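S.K.: Numbering (the working numbering), first residue to last: 441 to 1067.
Every residue, glycine too, gets a C-beta built ideally from N, C-alpha and C.
Since this is a predicted model, take the numbers as computed values, not measurements.
Below you'll find the structure I mean.
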């Protein structure tokens, strides 16, 4: 097809003419392509039913499928670093059925469209008030996130990290830094919870403080994470506009709104979605301040990166390195001309960094000893022995393996399609690379290098979680790729069909990901959270309050190895601690004489939880029977 420009007043319209040979394309070809694509989609859902993709699994075993090695064993053997069989099956059939289906449907639709409506659709989107579009995107994301919280996650923690965050938030909501240590330390010893001398979680104060704000305002920890996640959608637009243009920013916001990686992790109580907000806010204020040499924007950028550091230290370092080096280079090259902005960044970051160091000093006795060092002195960055209990030695090769595994997961989680990274390629059509593209690639590279020094790729259930904040550069590059195809293919008459095909192919790939990958993951989490909730629901129904529940065993579900730490002050109607035998249990009960005692036990053979009450006489008899 050929393009001819005609002037109409102040507007330039593009008309398409059909070159010779195109009109001879069989008129039924678009219909046959569309039907073939739909048949492949139908085949996938038939296969998915046979392979149990949409049927919740038995979560008696760690992380779902039987035979997985728990993280508490050697990480060399753990599925935390590999792909589970059902994940690979899902990936395989998406790649060989849904990806071709998207291509056939897109080609058929592109041929059927005739005159190109993409320009008209783009112009119509651009003519709309961007605030309305961003508001609609934010509203859609909010609805999906709330549905995921209520019906998929069922307001349940899927990791021990969330339990620790909420535990710390409850302490901070009362205006304290830590709670008094529990009376019997070993009985209350819990995953990611510090019980020696102080009683709190192993994390810095940033994210628990946000949760505490929600607790104080609305009595719900979800308030601030959900709010910040929704606001991030608008920030993506603003960052895209600063680095590229308004179209790229708007498409980046749309991509983020549709990303299952973003939506599923914005609905849990992990810190990554909140941290993405501060990372995005930092990026936006950094580029605005750099253009204007504004000390005020510098302060905002410093506060944002400081908050990101307080929440996730390695993420902030990996993400912020190219910004720091560039600012230093500009400062030296300009012989101090960037002093106002540079000073603003430093002044903005100092208060948050100081708060982080003071919190460390309060908990550990040292400004540079973080709480997670108190929890496990061998938890650190770098190569060599890592973590006390895991018998694990981290090496550069294992760091590279972590990266490759995370990229494999990212390729599916980002857009819900096994060809997510394919849509990054068009940004390389523009040589030399645009400034914004170079920035995105520099961020990604520095991020990769930083996480080579970390021992784990993260739990597999929620995607490549440690690389979550890379949603910003990946969304921008994907959006820029779509804009590049739309603009550059106009220059050659032979690319008209491809110019129509590519954005439609992207849309179909995204849509098929939404109706396949998203439901699979939703059912995965529903099965997981249902199993996690099971013993606690049994306790709620069975015990006479106030109660002390000694946890003998729990179903091994996902990557949850601890029990719920419901109240740092140990005054809740139901308290949980470890069952360490009659002697320790009696010592615990002596501190809580008014409480009724129970033992919670999971029977793996019967796949059922049991709760057994015991009286003081039962404890006394048990003690007498001890040798």
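Who are residue 1043's beta bridge partners in DSSP?
M.R.: Paired residues: 1048.
S.K.: From residue 854 to residue 756, what does the alpha carbon distance come to, in whole angstroms?
M.R.: Their backbone Cα atoms lie some 21 Å apart in a straight line.
S.K.: How many angstroms separate the CA atom of residue 603 from the CA atom of residue 664?
M.R.: Whole-angstrom Cα-Cα distance: 16 Å.
S.K.: Please name the residue, chosen from 978, 541 and 483, that lies closest to residue 947 on a Cα-to-Cα basis.
M.R.: The residue with the shortest Cα to Cα distance from residue 947 is 541.
S.K.: Just verifying my parser: in three-state terms, what is the DSSP assignment at residue 733?
M.R.: Reduced to three states, the DSSP call for residue 733 is coil.
S.K.: Starting from residue 991 and walking both ways along the beta strand (DSSP E), at which residues does that stretch end?
M.R.: Where residue 991 is concerned, the enclosing beta strand (DSSP E) stretches over 987–991.
S.K.: Looking at residue 1050 and residue 399, is the spacing between their C-beta atoms short of 8 Å?
M.R.: Here the chain covers residues 441 to 1067 and nothing more, so residue 399 does not appear.
S.K.: Using three-state DSSP, classify residue 1026 as helix, strand or coil.
M.R.: Helix, per DSSP.
S.K.: Give the C-beta separation of residue 918 and residue 695 to the nearest angstrom, bearing in mind that I take them to be a contact with Cβ-Cβ under 8 Å.
M.R.: Confirmed, Cβ separation roughly 6 Å.
S.K.: State yes or no: is the C-beta of residue 644 within less than 8 Å of the C-beta of residue 810?
M.R.: Yes, they are a contact pair.
S.K.: Measuring straight from C-alpha to C-alpha, what distance separates residue 1044 and residue 815?
M.R.: Cα to Cα, residue 1044 sits roughly 30 Å from residue 815.
S.K.: Mark residue 926 as exposed unless 16 or more other C-beta atoms lie within 10 angstroms of its C-beta, in which case mark it buried.
M.R.: By the 10 Å Cβ count, residue 926 comes out buried.
S.K.: Counting only the same chain and skipping the five closest in sequence on each side, list residues whose C-beta sits under 6 Å from that of residue 784.
M.R.: Within the same chain, residue 784 has close Cβ partners 735, 738 and 739.
S.K.: In whole angstroms, what separates the C-alpha of residue 1046 from that of residue 657?
M.R.: Distance between the alpha carbons of residue 1046 and residue 657 is about 43 Å.
S.K.: Would you mind listing the beta strand (DSSP E) stretches within the region 832–869 that are 3+ residues and don't spill past its ends, in chain order?
M.R.: Whole beta strand (DSSP E) segments, 3+ residues: 832–834.
S.K.: How big is the Cα-Cα spacing for residue 707 and residue 776?
M.R.: So the two alpha carbons sit approximately 44 Å from each other.
S.K.: Who are the near neighbours of residue 467 in its chain, counting only those whose CB is closer than 6 Å to its CB and skipping five residues on each side?
M.R.: Residue confidence is low: residue 467 scores 48 on pLDDT, short of 50, so the model does not pin down where it sits. No coordinate-derived value is stated.
S.K.: Here's the rule I'm using: 16 or more other beta-carbon atoms within 10 Å means buried, otherwise exposed. How should residue 1009 be labelled?
M.R.: Classification for residue 1009: exposed.
S.K.: For residue 1053, which beta-bridge partners are listed by DSSP?
M.R.: Partner(s): 1038.
S.K.: Sorry if obvious, but does the Cβ on residue 865 come closer than 7 Å to a heavy atom of the ligand FAD?
M.R.: The ligand FAD is not among the ligands present in this structure, which contains no ligands whatsoever.
S.K.: For residue 745, name the three-state secondary structure that DSSP assigns.
M.R.: It is helical.
S.K.: Less than 8 Å separating the beta-carbons of residue 597 and residue 648?
M.R.: Contact flag unset, no.
S.K.: Alpha carbon to alpha carbon, what distance is there between residue 692 and residue 916?
M.R.: Cα to Cα, the separation comes out at about 5 Å.
S.K.: Kindly give me the distance between the Cβ atoms of residue 884 and residue 910, rounded to whole angstroms, as I take these residues to be in contact under 8 Å.
M.R.: At roughly 6 Å, the Cβ-Cβ gap stays under 8 Å, so residue 884 and residue 910 are in contact.
S.K.: Counting C-beta neighbours from all protein chains within 10 Å, is the total for residue 1033 16 or more, i.e. buried, or is it exposed?
M.R.: Exposed is the call here.
S.K.: Beta-carbon separation of residue 732 and residue 682 under 8 Å?
M.R.: Result no, Cβ atoms of residue 732 and residue 682 do not sit closer than 8 Å.
S.K.: Smallest Cα separation from residue 527: which of 902, 574 and 990?
M.R.: Minimum Cα distance to residue 527 is reached at 902.
S.K.: For residue 653, which residues from the same chain have a beta carbon less than 6 Å from its beta carbon, with the 5 sequence-adjacent residues on both sides left out?
M.R.: Contacts found: 664.
S.K.: Residue 725 by DSSP, collapsed to three states: which one?
M.R.: Note: residue 725 maps to helix in three-state DSSP.
S.K.: Which value, in whole angstroms, describes the spacing of the CA atoms of residue 1023 and residue 628?
M.R.: Roughly 15 Å between the two C-alpha positions.
S.K.: Beta-carbon within less than 6 Å of residue 1068's beta-carbon, same chain only, minus the 5 sequence neighbours each way: which residues are those?
M.R.: Here the chain covers residues 441 to 1067 and nothing more, so residue 1068 does not appear.
S.K.: Measuring CB atoms only, is the region 974–981 touching the region 950–957, in the sense that at least three cross pairs come out at less than 8 Å?
M.R.: Contact between the region 974–981 and the region 950–957 is absent, because fewer than three Cβ pairs lie under 8 Å.
S.K.: Compare the beta carbon distance of residue 897 and residue 842 with 8 Å and say whether it is the shorter of the two.
M.R.: Yes, Cβ-Cβ distance for residue 897 and residue 842 is below 8 Å.
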